[in-house]
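**Q** Have a look at this one.
Residue numbers (the working numbering), protein chains in the order written: chain C, 52 to 227; chain G, 256 to 506; chain V, 52 to 409.
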């Protein structure tokens, strides 16, 4: 198995931490993993993305030219990455704030109203976590348990946020 | 019988290679007298530059390490940060400190590095054969300003010490000369104060020394001593330029 | 031991501290800033340690020179354009026989170039880089784990041979995260080298210098440096091989290219193409002998680099014109994919009429 995922969105939507949480969970499951964020001038101007590669064997390149999965949290990311996805891959979009739908017939489109869901549960910053929950349910890359454990670690310094994020993750997970 | 004059302990028994009338040998001796008087011979680390004084280690009996042209202040910073109990000082000419090493010097001073710079200003590049220095006076003839330094083409004599006085981390800056017994006495006092400033951890210290270079000025030693008084010190006035050490006198 | 997910750049910083690195001097430049920031966080307030953000790369390397004169373990890091500026100081370090670790997380060039990963500083790294007749040891990691391991080794080698050591990574290795484990704990007591200038306490004064007015004296210094370089060649040449035993085609690649090539080789093998790889870990000293030895059984070689063919010249030297060498390179900061390299392998295999495995 060698699966590449790109997470993309506005800076501040938490796309980098989404990738990081997934990478962390994959590592605890004993898988090979690389995480590569966009950097330099590319991240100025408000967009960010990162690539997570998960594999059973040594990973040759952390770069994804045709990822299996793309998670787009905003419109510019949807436009930028829709044609890069591998045929047969899955395109996860935050349907709350994206308009155009892909015209590609060779990929699966998963629409997650992540912004609305996060808003509704009173955690507007939890868009990325809701989306991550939906993502792992559909992609089956890591287990919900390892992600939940990872959340505990990453919010160690802000324990108040642990429960609300666990809730957001499960809400996304239970959507499908 | 009272001994009134002897070789400083920190000065090696070697004959100076400098030209007759050159200021370097006087400054070397003053440094060694100060090392002896402050009892710091075993803490001092000298950083000589490329130039006539590259061989300073043949005379100064202290730890010494060569620097690349202009980088003295950075090298001294590295030494001091790695070994705070040491007393590194740079020995730099006008081209070294005020042309190629301006950035290193200003930023070391601005960080308030506890280091000392001895700045030999003789208004020319000495060892390379008398080319124009950043401190060369207007109308002064050198091998690269053969028609005399013209401000419109070659700019003005730069006053590094005055510039450094604006830098907050600089604690003590004085300009002296070594062209008369009276001035030499003042020069020694300034050098001593500069090292005391470093010993007391007060910040960056620098002594600019107007130093005769009869060979490249094409003058006799006597003429060159006079030129320092009559011409050079008019552009570069002698005296304390900055002192925030709390009036603590080294004497 | 548990693994942690870490950026390449920060892994170097942590490994350096665990190797007893006491001083760091640097200047910001992408893509290595996380390393400078890590050292600022962990060294600037640590007892007996120092961190300075210098006014330029030139100042930074000269501060490194100063700290090395004072006998401590010291490091700087930068990326290609900044490394060009550091060459003055590296030449002085080499001449004065002073150890230091210089990290180059290289990027596309020439000029200001791109901030993506490239390997175009191979010549500069392996031929000395600055003025004068000297070499530096050059280590080429290909993963975050190797960045950490080779950082530690760089400090040891620098001290053992009194020589500056270059760790040649790139923007991709520096910016990516991988799970790693550290094999060393930070030392309780920081090491101070005996040959240093720290003030002549209880010993005669000491001079560390390179300038001499006598050419014969300078020649003697060069001879002595080169005797040591011979020793380094003999003792420290390091490489890894991957599936070379039955290989019809051997890829020679280092650093990021090597890991990309490895992925291509795994897929090539699945198709029955008998491909192997030699990865130099030390770019200087270069494993000429090993490549020559591999050339006895294998007739076809492919050099793969993220540049226009720099290590290629060393492979040509090693094989002495006796074997066919092909080259595939992507310069400027383009990161080739394993499938791209696989296509090159397939084409060569067909072109050269090589035999597939049964």
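Glycine is no exception: its CB is placed at the ideal position from the N, C-alpha and C atoms.
Could you run through the segment 110-134 of chain V and flag, in chain order, every residue whose CB is less than 9 Å away from some CB of chain G?
**A** Those residues of the segment 110-134 of chain V that come within reach of chain G (Cβ to Cβ, closer than 9 Å) are 110, 111, 112, 113, 114, 115, 116, 117, 118, 119, 120, 121, 122, 123, 125.
**Q** Please report whether the beta-carbon of residue 339 of chain V lies at a distance below 7 Å from any beta-carbon of chain G.
**A** As a position in the third chain, residue 339 of chain V is number 288, starting the count at 1. By this cut-off, residue 339 of chain V is not an interface position.
**Q** What separation, rounded to the nearest whole angstrom, lies between the Cα atoms of residue 148 of chain V and residue 261 of chain G?
**A** Along the third chain, one-based indexing puts residue 148 of chain V at 97. Along the second chain, one-based indexing puts residue 261 of chain G at 6. If I take the Cα positions, the gap works out to 37 Å.
**Q** Give the DSSP-derived three-state secondary structure of residue 296 of chain V in the structure shown.
**A** As a first step, residue 296 of chain V is located in the third chain; it is residue number 245 there, counting from the start. Coil at residue 296 of chain V, not helix or strand.
**Q** Taking the C-alpha atoms as reference points, what is the distance between residue 102 of chain V and residue 88 of chain C?
**A** For the purposes of this step, residue 102 of chain V is identified with residue 51 of the third chain, where counting begins at 1. For the purposes of this step, residue 88 of chain C is identified with residue 37 of the first chain, where counting begins at 1. So the alpha carbons of these two residues sit roughly 27 Å apart.
**Q** Starting from the C-beta of residue 164 of chain V, find all residues in its chain whose C-beta is less than 6 Å away, skip the five residues before and the five after it, and write them out in chain order.
**A** In the third chain, the residue the question calls residue 164 of chain V occupies position 113. Cβ within range, chain order: 158.
**Q** Which class does residue 432 of chain G belong to by DSSP, given the choice of helix, strand or coil?
**A** By one-based count along the second chain, residue 432 of chain G stands at place 177. Strand, per DSSP.
**Q** Using a Cβ distance threshold of 8 Å, determine whether the segment 486-504 of chain G contacts the segment 177-194 of chain V, with at least three qualifying pairs required.
**A** At 8 Å Cβ cutoff, the stretches do not touch.
**Q** Tell me whether the beta-carbon of residue 302 of chain V lies closer than 7 Å to the beta-carbon of residue 389 of chain V.
**A** Here residue 302 of chain V is taken as the residue at index 251 of the third chain, counted from 1. Here residue 389 of chain V is taken as the residue at index 338 of the third chain, counted from 1. No, the pair does not count as a contact, with Cβ atoms beyond the cut-off.
**Q** I'd like to know if residue 262 of chain V contacts chain G, where contact means its C-beta is closer than 7 Å to some C-beta of that chain.
**A** Walking along the third chain from the start, residue 262 of chain V turns up at place 211. Yes, contact with chain G.
**Q** Tell me the DSSP secondary structure of residue 145 of chain C in three-state form.
**A** Stepping through the first chain from its first residue, residue 145 of chain C is reached at position 94. The answer is strand: DSSP assigns residue 145 of chain C an E or B state.
**Q** In three-state DSSP terms, what is residue 343 of chain G?
**A** Within the second chain, the letter at position 88 stands for residue 343 of chain G. Three-state result, residue 343 of chain G: strand.
**Q** Are there three or more Cβ pairs, one per stretch, closer than 8 Å when the segment 144-155 of chain C is compared with the segment 163-174 of chain C?
**A** Taking 8 Å as the limit for Cβ pairs, the verdict is that the segment 163-174 of chain C does touch the segment 144-155 of chain C.
**Q** Between the C-alpha atoms of residue 430 of chain G and residue 415 of chain G, what's the straight-line distance to the nearest angstrom?
**A** Locating residue 430 of chain G in the second chain gives position 175, counting from the first residue. Locating residue 415 of chain G in the second chain gives position 160, counting from the first residue. So the alpha carbons of these two residues sit roughly 11 Å apart.
**Q** Check whether chain V comes within 7 Å of residue 338 of chain G, counting only Cβ atoms and requiring the distance to be less than that.
**A** Translated into the one-based positions of the second chain, residue 338 of chain G becomes position 83. So, interface residue.
**Q** Taking one C-beta from the segment 115-125 of chain V and one from the segment 235-251 of chain V each time, how about it: are there three or more such pairs within less than 8 Å?
**A** Segments in contact, yes.
**Q** Going by beta carbon distance, what residues of the same chain come within less than 6 Å of residue 167 of chain V, once the five residues before and after it are set aside?
**A** As a first step, residue 167 of chain V is located in the third chain; it is residue number 116 there, counting from the start. So the list reads 159, 222, 384, once near-sequence residues are dropped.
**Q** I'd like the span of the beta strand (DSSP E) that includes residue 328 of chain V, first residue to last.
**A** Start at 1 with the first residue of the third chain, and residue 328 of chain V comes out as number 277. Taken as a continuous stretch (DSSP letters only), the beta strand (DSSP E) holding residue 328 of chain V covers 326-331.
**Q** Name the residue from V:408, V:249, V:258 whose alpha carbon lies nearest to the alpha carbon of residue 300 of chain V.
**A** Along the third chain, one-based indexing puts residue 300 of chain V at 249. Among V:408, V:249, V:258, the Cα nearest to that of residue 300 of chain V is on V:408.
**Q** Please state whether DSSP places residue 108 of chain C in a helix, a strand or coil.
**A** Numbered from 1 along the first chain, position 57 holds the residue referred to as residue 108 of chain C. Three-state DSSP puts residue 108 of chain C in coil, outside helix and strand.
**Q** From the DSSP output, which residues share a beta bridge with residue 335 of chain V?
**A** For the purposes of this step, residue 335 of chain V is taken as the residue at position 284 of the third chain. Partner(s): V:189.
**Q** On the criterion of 16 or more Cβ atoms from any shown chain inside 10 Å, does residue 365 of chain V qualify as buried, or is it exposed?
**A** For the purposes of this step, residue 365 of chain V is taken as residue 314 along the third chain, with counting starting at 1. Answer is buried; the Cβ neighbour count reaches 16.
**Q** Mind listing the chain C neighbours of residue 227 of chain V? Cutoff is C-beta to C-beta under 7 Å, in chain order.
**A** Mapped onto the third chain, residue 227 of chain V falls at position 176. Those within 7 Å of residue 227 of chain V in chain C are 85, 86, 87, 113.
**Q** With three or more C-beta pairs closer than 8 Å as the rule, is the segment 216-236 of chain V touching the segment 304-321 of chain V?
**A** With a cut-off of 8 Å, the segment 216-236 of chain V and the segment 304-321 of chain V count as touching, because enough Cβ pairs lie within range.
**Q** Who are the neighbours of residue 92 of chain V on chain C, taking C-beta pairs under 7 Å?
**A** If you number the third chain from 1, residue 92 of chain V lands on position 41. Those do not exist, as residue 92 of chain V stays about 16 Å from chain C at its closest Cβ, beyond 7 Å.
**Q** Which residues in the same chain have their Cβ closer than 6 Å to the Cβ of residue 274 of chain G, if we skip the five residues on either side of it in sequence?
**A** Indexing the second chain from 1 puts residue 274 of chain G at position 19. 470, listed in sequence order.
**Q** By the criterion of Cβ-Cβ separation under 7 Å, what are the contact partners of residue 298 of chain G in chain V?
**A** Along the second chain, one-based indexing puts residue 298 of chain G at 43. Ordered by position in chain V, the residues that pass the 7 Å Cβ test against residue 298 of chain G are 250.
**Q** Here's a check: name, in chain order, each residue in its chain whose Cβ is nearer than 6 Å to the Cβ of residue 370 of chain G, leaving out the five neighbours to either side.
**A** Mapped onto the second chain, residue 370 of chain G falls at position 115. Within the same chain, residue 370 of chain G has close Cβ partners 331, 335, 343.
**Q** Ignoring anything shorter than 4 residues or poking outside the segment 263-299 of chain G, list the alpha helix (DSSP H) runs there in chain order.
**A** Runs found: 279-293.
**Q** Entirely within the segment 322-366 of chain G and at least 4 residues each: give me those alpha helix (DSSP H) ranges in chain order.
**A** Whole alpha helix (DSSP H) segments, 4+ residues: 327-337, 357-365.
**Q** For residue 315 of chain G, which option in G:290, G:339, G:327, G:323 has the closest C-alpha, if you only look at C-alpha atoms?
**A** In the second chain, counting from the first residue as 1, residue 315 of chain G sits at position 60. Among G:290, G:339, G:327, G:323, the Cα nearest to that of residue 315 of chain G is on G:290.
**Q** For the beta strand (DSSP E) holding residue 126 of chain V, just list the boundary residues, first then last.
**A** Looking up residue 126 of chain V in the third chain gives position 75. It spans 125-129 - the beta strand (DSSP E) in which residue 126 of chain V sits, taken as one unbroken run.
**Q** Return the chain-ordered list of same chain residues with a C-beta closer than 7 Å to the C-beta of residue 209 of chain V, the five sequence neighbours on each side being excluded.
**A** By 1-based counting over the third chain, the position of residue 209 of chain V is 158. For residue 209 of chain V, where only same-chain residues beyond five positions count, the Cβ hits under 7 Å are 150, 151, 152, 215, 216.
**Q** Interface residues of chain V around residue 305 of chain G at Cβ under 8 Å?
**A** Taking the first residue of the second chain as 1, we reach residue 305 of chain G at position 50. Residues of chain V passing the Cβ test: 262.
**Q** Report the neighbours of residue 109 of chain C on chain V: residues whose CB is nearer than 9 Å to its CB, in chain order.
**A** What you label residue 109 of chain C is simply residue 58 of the first chain in a count that begins at 1. By Cβ distance, chain V contributes 194, 310, 313, 314, 317.
**Q** List the endpoints of the continuous beta strand (DSSP E) containing residue 374 of chain G.
**A** Translated into the one-based positions of the second chain, residue 374 of chain G becomes position 119. Segment 371-376, the beta strand (DSSP E) holding residue 374 of chain G.
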